[in-house]
Ligand code: FES
Ligand SMILES: [Fe+2]
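In UniProt numbering, the protein residues as written are 1 to 348.
Written out as structure tokens, the structure is:
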């Protein structure tokens, strides 16, 4: 299915963000993740639990059941499961049945996100969850409140949107206008499963956006506009800004602002999107945080409208004109191949 030439929709051996921490409470809720319904709640210790969301008896979604202590009782015939997914009671018979069990997803809570492992639980290694400090989370940077968006488009389109930030000046031109972001050639560096796309400008005229970030910004700034792809579940992007380089040395460091994007496939044609923005400057400026949060929501929604409009055309994939790429698409195409390799490597 577009954009892959392999007939598999999801990279399963991965941690993905399933929900915001604030979305998961004592009351079970569910969310469709990689095609499957996943039930999410917290046990009496406050630890998150993720189980398959359909009762294996007659497949009623378990969100329609109720909590009984730490267990979940199906709302149809009362079969009850513990936090390990084991059946502990079948009201119509003396003994529970081992054949009635739920898949238990390994879970980890990091920053304000709940991650689940969608591959074989035996392979779930929490060390594979990217270090959140790298993008300014769980440290002393400032982060805007975490947001959740439902995206009516396949996850790969969202990933590729982030690998080509030349779109910022056009799709988001009302908020951020900086010609350096599309005029500067992009370079790609790969390191194992991660890939960095960057546009480096040693000296260019500071934009309104730079002056908004740094009111004392000089006329000339140097910047790296980076997108760091950490795998199908997480990408972060943004500018690292300095005073313009002079006499062969880097100018004074001004600051870094990143947007962190956690992307989780819902179905082959829709996704969950969790985002926040971080910065290491003016960290105690509440008014700036508020403005940034508002702007970020507006910008994300512009992406979502564009991607949903494209997705709406893709159902007639066989009769669509072929996609034509330009040089700036190289990082997106590179990451497309990285993910395609992972899809090919996993069992059908
Ligand atoms: S469908 Fe859940 S107990 Fe029957
Ligand atoms: Fe965008």
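Ideal Cβ placement from N, Cα and C applies to all residues, glycine included.
Residues of its chain near residue i, where Cβ-Cβ distance is below 8 Å and the 5 sequence neighbours each way are ignored
| i | result |
| --- | --- |
| residue 339 | 4, 11, 156, 159 and 232 |
| residue 33 | 16, 18, 116, 118, 264, 265, 266 and 272 |
| residue 300 | 147, 149, 273 and 275 |
heavy atom of ligand 2 below 7 Å from residue i C-beta
| i | result |
| --- | --- |
| residue 49 | no |
| residue 303 | yes |
| residue 168 | yes |
| residue 163 | no |
| residue 172 | yes |
| residue 186 | no |
| residue 299 | yes |
Own chain, CB closer than 7 Å to residue i, minus 5 neighbours either side, in chain order
| i | result |
| --- | --- |
| residue 251 | 222, 242, 243, 244 and 245 |
| residue 63 | 28, 29, 30, 39 and 53 |
| residue 68 | 80 |
| residue 178 | 169, 207 and 209 |
| residue 268 | 1, 9 and 154 |
| residue 164 | 328, 329, 331 and 332 |
| residue 36 | 52 |
| residue 128 | 15 |
Bounding residues of the alpha helix (DSSP H) (the contiguous stretch that carries residue i)
| i | result |
| --- | --- |
| residue 304 | 286-314 |
| residue 212 | 208-213 |
| residue 341 | 330-345 |
| residue 243 | Segment 234-243 is the beta strand (DSSP E) holding residue 243; no alpha helix (DSSP H) there. |
| residue 182 | 180-183 |
| residue 266 | Not the alpha helix (DSSP H): residue 266 falls in the beta strand (DSSP E), residues 253-267. |
| residue 162 | 155-163 |
| residue 169 | 168-171 |
Span of the beta strand (DSSP E), counted from its first residue to its last, around residue i
| i | result |
| --- | --- |
| residue 147 | 147-151 |
| residue 271 | 270-279 |
| residue 229 | 220-229 |
| residue 76 | From DSSP, residue 76 is part of no beta strand (DSSP E); its letter is neither H nor E. |
| residue 176 | Careful: residue 176 lies outside any beta strand (DSSP E) and carries neither H nor E. |
| residue 24 | Residue 24 -> no beta strand (DSSP E), and no H or E assigned at all. |
| residue 126 | Careful: residue 126 lies outside any beta strand (DSSP E) and carries neither H nor E. |
| residue 201 | 194-205 |
| residue 52 | 48-52 |
Sequence-distant residues of the same chain with beta carbon closer than 6 Å to residue i, five excluded per side
| i | result |
| --- | --- |
| residue 153 | 307, 308 and 311 |
| residue 276 | 143, 144, 146 and 260 |
| residue 348 | none |
| residue 240 | 224 and 256 |
| residue 56 | 100 |
Ligand 4 heavy atom lying under 7 Å from the CB of residue i
| i | result |
| --- | --- |
| residue 78 | Looking at this structure, you won't find ligand 4 anywhere; what it does contain is ligand 1 and ligand 2. |
- request: Mind listing which residues have their beta carbon within less than 7 Å of any non-hydrogen atom of ligand 1? Chain order is fine.
  value: 55, 57, 58, 59, 60, 74, 76, 77, 78 and 79
task: Pair every Cβ in the region 270-290 with every Cβ in the region 126-144, then say whether three or more of these pairs are closer than 8 Å.
output: yes
task: Spell out a yes or no on whether the region 208-225 and the region 320-340 are touching, meaning 3 or more CB-CB pairs, one atom from each, closer than 8 Å.
output: no
task: Report yes or no: do the region 105-115 and the region 132-139 share at least 3 C-beta pairs separated by less than 8 Å?
output: yes
- prompt: Does the region 97-107 come close enough to the region 117-134 that 3 or more CB-CB pairs lie under 8 Å?
  reply: yes
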